[in-house]
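Undergrad: Quick note, the sequences are listed as chains A and B, same order.
Quick note: the first sequence, position 169, residue 169 per the working numbering, numbers continuous.
Quick note: the second sequence, position 262, residue 262 per the working numbering, numbers continuous.
Virtual Cβ for every residue (Gly too), placed ideally from N, Cα, C.
Take a look at the following structure, please.
2 protein chains.
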Amino acid sequence: MNILVDAFGGDNSPIEIISGVVNALNESKNLFNVVLLGDEIILKQLLSKYHYPVGRLLIIDTKEVITNDDHPVDAIRGKKNSSIVVGLKNLNSEKEAMAFISAGSTGAVLAGAVLLLKRIEGINRPALAPLLPTSETESVVLIDCGANSECKPEMLHQFAKMGDAYAKVALSLVNPRIGLLNNGAEEKKGNELTQNTYKILREDHSINFIGNAEGRDILSGNFDVIVADGFTGNIALKSCEGTALMMFSQIKYGIQNGGIRAKIGYLLLKPVFRKLKDTADYSSKGGAVLLGLQKLVIKVHGSAKSQTIKAAIFQAASLVEKNLISKVAECMERIDKK
Amino acid sequence: MNILVDAFGGDNSPIEIISGVVNALNESKNLFNVVLLGDEIILKQLLSKYHYPVGRLLIIDTKEVITNDDHPVDAIRGKKNSSIVVGLKNLNSEKEAMAFISAGSTGAVLAGAVLLLKRIEGINRPALAPLLPTSETESVVLIDCGANSECKPEMLHQFAKMGDAYAKVALSLVNPRIGLLNNGAEEKKGNELTQNTYKILREDHSINFIGNAEGRDILSGNFDVIVADGFTGNIALKSCEGTALMMFSQIKYGIQNGGIRAKIGYLLLKPVFRKLKDTADYSSKGGAVLLGLQKLVIKVHGSAKSQTIKAAIFQAASLVEKNLISKVAECMERIDKK
Numbered sequence: 001m002n003i004l005v006d007a008f009g010g011d012n013s014p015i016e017i018i019s020g021v022v023n024a025l026n027e028s029k030n031l032f033n034v035v036l037l038g039d040e041i042i043l044k045q046l047l048s049k050y051h052y053p054v055g056r057l058l059i060i061d062t063k064e065v066i067t068n069d070d071h072p073v074d075a076i077r078g079k080k081n082s083s084i085v086v087g088l089k090n091l092n093s094e095k096e097a098m099a100f101i102s103a104g105s106t107g108a109v110l111a112g113a114v115l116l117l118k119r120i121e122g123i124n125r126p127a128l129a130p131l132l133p134t135s136e137t138e139s140v141v142l143i144d145c146g147a148n149s150e151c152k153p154e155m156l157h158q159f160a161k162m163g164d165a166y167a168k169v170a171l172s173l174v175n176p177r178i179g180l181l182n183n184g185a186e187e188k189k190g191n192e193l194t195q196n197t198y199k200i201l202r203e204d205h206s207i208n209f210i211g212n213a214e215g216r217d218i219l220s221g222n223f224d225v226i227v228a229d230g231f232t233g234n235i236a237l238k239s240c241e242g243t244a245l246m247m248f249s250q251i252k253y254g255i256q257n258g259g260i261r262a263k264i265g266y267l268l269l270k271p272v273f274r275k276l277k278d279t280a281d282y283s284s285k286g287g288a289v290l291l292g293l294q295k296l297v298i299k300v301h302g303s304a305k306s307q308t309i310k311a312a313i314f315q316a317a318s319l320v321e322k323n324l325i326s327k328v329a330e331c332m333e334r335i336d337k338k
Numbered sequence: 001m002n003i004l005v006d007a008f009g010g011d012n013s014p015i016e017i018i019s020g021v022v023n024a025l026n027e028s029k030n031l032f033n034v035v036l037l038g039d040e041i042i043l044k045q046l047l048s049k050y051h052y053p054v055g056r057l058l059i060i061d062t063k064e065v066i067t068n069d070d071h072p073v074d075a076i077r078g079k080k081n082s083s084i085v086v087g088l089k090n091l092n093s094e095k096e097a098m099a100f101i102s103a104g105s106t107g108a109v110l111a112g113a114v115l116l117l118k119r120i121e122g123i124n125r126p127a128l129a130p131l132l133p134t135s136e137t138e139s140v141v142l143i144d145c146g147a148n149s150e151c152k153p154e155m156l157h158q159f160a161k162m163g164d165a166y167a168k169v170a171l172s173l174v175n176p177r178i179g180l181l182n183n184g185a186e187e188k189k190g191n192e193l194t195q196n197t198y199k200i201l202r203e204d205h206s207i208n209f210i211g212n213a214e215g216r217d218i219l220s221g222n223f224d225v226i227v228a229d230g231f232t233g234n235i236a237l238k239s240c241e242g243t244a245l246m247m248f249s250q251i252k253y254g255i256q257n258g259g260i261r262a263k264i265g266y267l268l269l270k271p272v273f274r275k276l277k278d279t280a281d282y283s284s285k286g287g288a289v290l291l292g293l294q295k296l297v298i299k300v301h302g303s304a305k306s307q308t309i310k311a312a313i314f315q316a317a318s319l320v321e322k323n324l325i326s327k328v329a330e331c332m333e334r335i336d337k338k
């Protein structure tokens with residue numbers, strides 16, 4: 001299998017991207033090849049300092065770069081020789097190409113995926129689904145968290161089914177507990193969208209819908225999949241991130257201003273803090289999967305460094321190995337067993 | 001001034017409510033009286049064990065109780081002799097009654113306020129506005145966080161103006177920085193509601209609108225007021241709460257399982273953790289103000305204990321002293337100075 005990696009996306013490209021790719025190749029058996037997309041001259045120069053299995057790394061030369069300042073749809077239509085457009089076209093047309101990974105503009109990756117890739121039958125729009133940590137060892141799928149600002153109940157129903165398939169594959173769960181993100185636990189709560197979605201999810205006995213999830217339930221460990229429209233999911237995701245950041249900065253401030261006592265306390269608790277930071281820094285463990293397409297697209301954080309790129313490559317290889325795409329397609333075909 | 005307190009709302013009523021009221025009366029000068037709403041026989045019996053300035057505590061006997069299981073509007077219409085209905089009617093009709101505080105059903109308090117109280121001219125619907133901590137000493141106003149699941153741009157505009165007035169009064173700010181909660185920082189981001197609201201806020205030069213705020217900006221300290229529809233604001237608020245809870249529980253778990261080293265570290269860092277917990281536990285410092293009404297309504301957390309009730313009484317007295325309601329009314333009258 002070929003895993004395509006956008007070498008010119010994200011704050012730390014191309015240096016960190018290349019480092020991540022080289023490490024992934026060196027640490028893996030012959031399971032996959034990597035296809036790097038970007039300016040060949042620059043890439044070859046940067047690669048020259050590394051040892052790596054040369055035969056497993058291909059370069060496709062692309063000269064244009066899409067930035068966060070570009071309008072996503074215009075960029076996809078206008079910059080035909082960019083790493084994102086060429087990468088997604090290759091993903092669409094080549095049988096061997098199984099996944100595309102980018103740390104570039106989320107809007108452009110989404111627009112490109114919608115315009116250039118085929119969707120799974122029964123899916124109106126792809127949805128972005130990160131895995132968030134609920135404890136050191138457990139995670140929850142949040143779907144959608146930014147691909148679709150305006151949604152209809154049937155779209156949220158599709159997100160629920162895709163999230164179910166993803167949780168089964170990525171978290172090895174038999175019967176994922178699915179919740180609908182809402183402003184209250186009771187059935188009648190919410191806006192028109194969530195009230196109507198609730199009725200549809202309740203009737204679909206092919207999934208384990210356990211009811212509404214409030215914001216504070218997202219990281220509680222009581223749900224395996226949280227379904228939301230992309231606007232609300234995005235706000236929830238970033239609210240969680242912002243709170244974690246604020247708490248880390250408060251702890252740091254307290255330690256810095258707590259004298260020698262606090263500093264010794266910090267040294268003794270360092271392993272606890274490191275573990276907490278590792279748990280909270282979920283984006284270092286790979287990326288958010290864009291579900292609903294006939295090929296795998298993984299969006300990693302714009303600030304991704306070498307370790308994240310390597311993790312995303314292994315994530316992609318594992319999801320391809322476990323047939324994620326067919327599992328999503330199967331669950332869309334499944335007849336409601338009432 | 002009379003401050004009305006619902007003695008039969010919340011998980012810890014009436015015992016913790018009474019304790020909070022007694023403490024507030026004992027710790028304050030002759031600034032306010034408290035009117036307790038609830039079953040007089042029970043209240044008198046519970047009060048008999050306390051010393052307090054008897055002349056400053058009145059009881060209005062109400063026999064019915066609205067619970068979280070009641071449908072809010074039906075409860076307001078049906079339970080005419082409940083502490084919430086009698087309290088809000090008294091607030092509406094009595095000149096001396098300046099504020100109503102309840103830890104009871106949020107839905108019922110909101111429905112009661114909408115049905116029984118007069119609104120400030122120019123306000124379509126009241127909005128719920130808590131103060132969230134951005135650091136040990138600073139806070140941000142999140143408005144609306146639950147009163148209105150479906151909103152129009154002009155309602156969000158009103159929330160922005162009310163939030164502005166509230167931040168000026170409650171946080172003593174000259175020119176509060178106002179942000180619109182959205183799924184991206186750029187002007188064009190968002191759903192139909194936020195895109196249209198952005199245009200209105202940008203044109204209103206009577207407020208200091210500084211642009212879109214993402215979820216991670218809520219607690220960043222870069223904004224003083226965050227404007228949202230009640231559905232999104234509720235999800236954001238509870239996502240922040242849930243993340244803080246998850247982090248505290250991870251730290252606790254790490255300490256419990258980190259052996260003697262971690263336990264000593266914890267003892268040394270205890271003041272830092274206590275301060276962090278105090279900062280995060282914003283609801284112990286009072287309640288969320290329901291803005292847009294001609295009288296003050298404060299909703300405190302259902303789990304409120306004595307300390308929170310006392311804090312809410314002082315919060316109410318201070319906001320009345322500082323003429324919050326007139327300030328909100330003035331800002332609604334203010335002509336747009338383009």
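(1) In chain order, what residues of the same chain lie with their CB nearer than 7 Å to the CB of residue 139 of chain A, ignoring the 5 residues before and after it?
(2) If we ignore side chains and look at the alpha-carbon of each, how far apart do residue 7 of chain A and residue 186 of chain A end up?
(3) Can a CB atom of chain A be found closer than 8 Å to the CB of residue 166 of chain B?
(4) Can you find the residues in the same chain that come closer than 6 Å, C-beta to C-beta, to residue 83 of chain B, ignoring five residues on each side of it along the sequence?
(5) If I'm right that residue 176 of chain B touches residue 225 of chain B with Cβ under 8 Å, what's the distance once you round it to whole angstroms?
(6) Locate the alpha helix (DSSP H) running through residue 164 of chain A, then write down its first and last residues.
(7) Check the Cβ-Cβ distances between residue 183 of chain A and every residue of chain B, and say whether any is below 8 Å.
(8) Which residue from A:137, A:32, A:184, A:168 puts its Cα closest to that of residue 145 of chain B?
(9) Is the CB of residue 335 of chain A under 8 Å away from at least one CB in chain B?
(10) Step through the CB atoms of chain A and report whether any lies within less than 8 Å of the CB of residue 61 of chain B.
(11) DSSP three-state label for residue 97 of chain A, please.
(12) Can the beta-carbon of residue 210 of chain B be found less than 8 Å from the beta-carbon of residue 178 of chain B?
(13) How many angstroms separate the CA atom of residue 279 of chain B from the CA atom of residue 266 of chain A?
(14) Quick one: list the residues of chain B neighbouring residue 320 of chain A, beta-carbon separation under 9 Å, in chain order.
(15) Assuming contact is defined by CB atoms lying nearer than 8 Å, are residue 285 of chain B and residue 99 of chain B in contact in what I supplied?
(16) Output the distance between the C-alpha atoms of residue 135 of chain B and residue 221 of chain B, rounded to the nearest integer angstrom.
(17) Return the residue from the list A:101, A:233, A:206, A:215 that minimises the CA-CA distance to residue 244 of chain B.
(18) Would you mind telling me which residues of chain B sit closer than 9 Å to residue 192 of chain A, beta carbon to beta carbon, in chain order?
(19) Identify each residue in the region 271 to 282 of chain B for which the Cβ-Cβ distance to at least one residue of chain A is less than 9 Å, and report them in chain order.
(20) Which whole-angstrom value is the C-beta distance of residue 155 of chain A and residue 124 of chain A, which I expect to be below 8 Å?
(21) Which residue marks the beginning of the alpha helix (DSSP H) containing residue 274 of chain A, and which one marks its end?
(22) With 8 Å set as the bound, which would you pick, yes or no: does the beta-carbon of residue 142 of chain B sit closer than that to a beta-carbon of chain A?
(23) Here's the rule I'm using: 16 or more other beta-carbon atoms within 10 Å means buried, otherwise exposed. How should residue 55 of chain B be labelled?
(24) Around the Cβ of residue 96 of chain A, are there at least 16 other Cβ atoms within 10 angstroms (buried) or fewer (exposed)?
(25) For chain A, check one thing: does any of its Cβ atoms lie closer than 8 Å to the Cβ of residue 161 of chain B?
(26) Just the chain A side, please: which residues come within less than 7 Å of residue 243 of chain B by C-beta, in chain order?
(27) Thinking just about the alpha-carbon of each residue, which of A:79, A:252, A:122, A:319 is nearest to the one in residue 157 of chain A?
(28) Quick one: using the 10 Å Cβ neighbour count with 16 as the cut-off for buried, is residue 242 of chain A buried or exposed?
(29) Tell me whether residue 4 of chain A is buried or exposed, calling it buried when 16 or more other Cβ atoms sit within 10 Å of its Cβ.
(30) Taking DSSP's pairing of strands, which residues face residue 61 of chain B in a bridge?
(31) Is DSSP giving residue 8 of chain B helix, strand or coil here?
(32) Are the C-beta of residue 255 of chain A and some C-beta of chain B separated by less than 8 Å?
(33) Determine, using beta carbons only, whether residue 146 of chain B comes closer than 8 Å to chain A.
(34) Check for me: the alpha helix (DSSP H) holding residue 114 of chain B runs from which residue to which?
(35) Rounding to the nearest angstrom, what Cα-Cα distance links residue 20 of chain A and residue 203 of chain A in this structure?
(36) Classify residue 251 of chain B: buried if its beta carbon has 16 or more other beta carbons within 10 angstroms, exposed otherwise.
TA: Result, derived from the coordinates:
(1) The residues are 131, 132, 133, 171.
(2) 47 Å
(3) no
(4) Excluding the 5 residues flanking it on each side, residue 83 of chain B has same chain C-beta neighbours closer than 6 Å at 6, 8, 37, 38, 62, in chain order.
(5) Rounded, the Cβ-Cβ distance is 5 Å, consistent with contact.
(6) Run containing residue 164 of chain A: 153 to 170, per the alpha helix (DSSP H) assignment.
(7) yes
(8) A:184
(9) At residue 335 of chain A, the pLDDT of 45 sits below 50, so the modelled position is not reliable; the number obtained from the coordinates is stated separately. Output row for residue 335 of chain A: interface = no.
(10) no
(11) strand
(12) yes
(13) Roughly 20 Å separates the two Cα atoms.
(14) Chain B residues near residue 320 of chain A: none, gap ~30 Å exceeds 9 Å.
(15) no
(16) 7 Å
(17) Ranking the options by Cα distance to residue 244 of chain B, first place goes to A:215.
(18) Within chain B, the residues whose beta carbon sits less than 9 Å from that of residue 192 of chain A are 149, 150, listed in sequence order.
(19) 271, 272, 273, 275, 276, 279, 280
(20) Sure, about 6 Å apart at Cβ, within 8 Å.
(21) 259 to 280
(22) no
(23) exposed
(24) exposed
(25) no
(26) 219, 240, 243, 244
(27) Cα-wise, what sits closest to residue 157 of chain A is A:122.
(28) Buried: at least 16 other Cβ atoms inside 10 Å.
(29) buried
(30) B:38
(31) Here residue 8 of chain B sits in coil by DSSP.
(32) yes
(33) yes
(34) 106 to 116
(35) 45 Å
(36) Buried, since its Cβ has 16 or more Cβ neighbours within 10 Å.
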